[in-house]
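Chemist:
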C-alpha cells in the first residue's frame, strides 16, 4: 500500500517489537517496515528506510532512546519519533520532548493508544498521555538537583551506605548527609528510601538492580 504509514520499531525486547507489529498488521493504513534492537542499529536502519514514524524505547543497552533520536535528527530533522517507556517519569519525558520527540507513550498504553498516537504524530501533532503531561506540569517548577546530588542518588541506588558513597566520591560522610538532606527536601521525600523511589519513578536517575539500603 503506497499511502500506508511506514513505521519502524526500536526496542531491545523482541517480544515487544513483535507485539507492536501484530497490532499494526491489523491496520490497513499502516505497515512495519523495519525493526531494530538497539540504538546504533536504529540509526543505520533509519537512513535506509526513512520511516514516517519511529517508535523508540527510551532505555536501551548500547545507546538510550534520547541519544539515538538525537543522532537520527541531526541528519534527518523532520524525523517523527515517539518514545516508548515503562515509566511516566516527568524528567525523562521532558528531556525527550525537548530533544525533539513528537510523542511519548507508556508501554502499558500500547494496545489502546498506539494506533491513535501513530496517526496523530503522522498528521503533524504532538501526542503526550495525560498521565505524563500532568507530571510534567506538576514538577516543572521543581528545583533541579545538583550534579553531586545526582551522583549520590545514583550511588544510593546501588545500595551504598553514606560511608561508601563518601569514599566513592571523595567527600566526608557528613557532606554526604548534607547533600542527602538537600535532595530529600527538593524531592519532598521523608527519608532516603523514599527519595530514591521518587527519583526512579520520575526518571531523575536510571534504575539499577534492587538492593538493600544501608544508612551508615
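Residue numbers (our numbering): 112 to 327. Glycine is no exception: its CB is placed at the ideal position from the N, C-alpha and C atoms. Values in this document were obtained by computation on a predicted structure and should not be read as measured data.
1. What three-state label does DSSP hand residue 65 in the structure shown?
2. Since residue 147 is in the beta strand (DSSP E), which residue starts that stretch and which ends it?
3. Are the Cβ atoms of residue 214 and residue 232 separated by less than 7 Å?
4. May I ask which residues mark the beginning and end of the alpha helix (DSSP H) holding residue 280?
5. State the beta-bridge partners of residue 196 as determined by DSSP.
6. What does DSSP give as the partner residue(s) for residue 243 in the beta ladder?
7. Since residue 217 and residue 199 should fall inside the 8 Å C-beta cutoff, what is the C-beta to C-beta distance between them, to a whole number of angstroms?
8. Check the C-beta distance from residue 202 over to residue 315 and give it rounded, since I have them as a contact under 8 Å.
9. Excluding five sequence neighbours on each side, which residues of the same chain lie with their C-beta closer than 7 Å to the C-beta of residue 188?
10. Note down, in chain order, each residue of its chain lying with its Cβ closer than 6 Å to the Cβ of residue 310, except the 5 sequence neighbours on either side.
11. Would the segment 164-174 and the segment 139-150 be scored as touching if the rule is three or more Cβ pairs under 8 Å?
12. Measure how close the beta-carbons of residue 195 and residue 169 come, nearest whole angstrom, since I'm counting them as under 8 Å.
13. Can the beta-carbon of residue 267 be found less than 7 Å from the beta-carbon of residue 294?
14. Does the beta-carbon of residue 246 have 16 or more other beta-carbons within 10 angstroms, so that it is buried, or is it exposed?
15. Sorted by chain position, which residues of the same chain lie with C-beta nearer than 7 Å to residue 290's C-beta, five sequence neighbours on each side aside?
16. Assuming residue 143 contacts residue 135 (C-beta within less than 8 Å), just tell me the rounded distance between them.
17. Specify the secondary structure class of residue 252 as computed by DSSP and reduced to three states.
Modeler: Taking the definition as stated:
1. The shown model of the chain, from 112 to 327, leaves out residue 65, and the question about it has no answer.
2. Mapped onto the chain shown, residue 147 falls at position 36. For residue 147, the enclosing beta strand (DSSP E) stretches over residues 141-147.
3. The sequence position of residue 214 within the chain shown is 103, counting from 1. The sequence position of residue 232 within the chain shown is 121, counting from 1. Going by C-beta atoms, residue 214 is nearer than 7 Å to residue 232.
4. On the chain shown, position 169 is the one that residue 280 refers to. Segment 273-280, the alpha helix (DSSP H) holding residue 280.
5. Stepping through the chain shown from its first residue, residue 196 is reached at position 85. For residue 196, DSSP records a beta bridge to 217.
6. Here residue 243 refers to the residue found at position 132 when the chain shown is read from its first residue. DSSP, once it has assigned bridges, lists no residue as partnering residue 243.
7. On the chain shown, position 106 is the one that residue 217 refers to. On the chain shown, position 88 is the one that residue 199 refers to. Taking the Cβ atoms as the reference, residue 217 lies roughly 6 Å from residue 199, within the contact range of under 8 Å.
8. Along the chain shown, read from residue 1 onward, the residue named residue 202 stands at position 91. Along the chain shown, read from residue 1 onward, the residue named residue 315 stands at position 204. Between residue 315 and residue 202 the Cβ distance is about 5 Å, and since that is below 8 Å, they are a contact.
9. Here residue 188 refers to the residue found at position 77 of the chain shown. Same-chain partners within the cutoff: there are none.
10. Locating residue 310 in the chain shown gives position 199, counting from the first residue. Same-chain partners within the cutoff: 264 and 316.
11. The way I'd put it, the segment 164-174 does touch the segment 139-150; three or more beta-carbon pairs between them come closer than 8 Å.
12. The residue given as residue 195 occupies position 84 in the chain shown. The residue given as residue 169 occupies position 58 in the chain shown. Taking the Cβ atoms as the reference, residue 195 lies roughly 7 Å from residue 169, within the contact range of under 8 Å.
13. Here residue 267 refers to the residue found at position 156 of the chain shown. Here residue 294 refers to the residue found at position 183 of the chain shown. Residue 267 places its beta carbon 7 Å or farther from that of residue 294.
14. The count along the chain shown starts at 1 and reaches residue 246 at position 135. It is buried - the Cβ of residue 246 has at least 16 other Cβ atoms within 10 Å.
15. Walking along the chain shown from the start, residue 290 turns up at place 179. Closer than 7 Å at Cβ, skipping near neighbours: 259, 260 and 263.
16. On the chain shown, position 32 is the one that residue 143 refers to. On the chain shown, position 24 is the one that residue 135 refers to. About 5 Å separates the two Cβ atoms, so the contact holds.
17. By 1-based counting over the chain shown, the position of residue 252 is 141. Residue confidence for residue 252 is low, a pLDDT of 48 falling below 50, so the modelled location carries little weight; the figure read from the coordinates is stated next. Residue 252 falls in the coil class under three-state DSSP.
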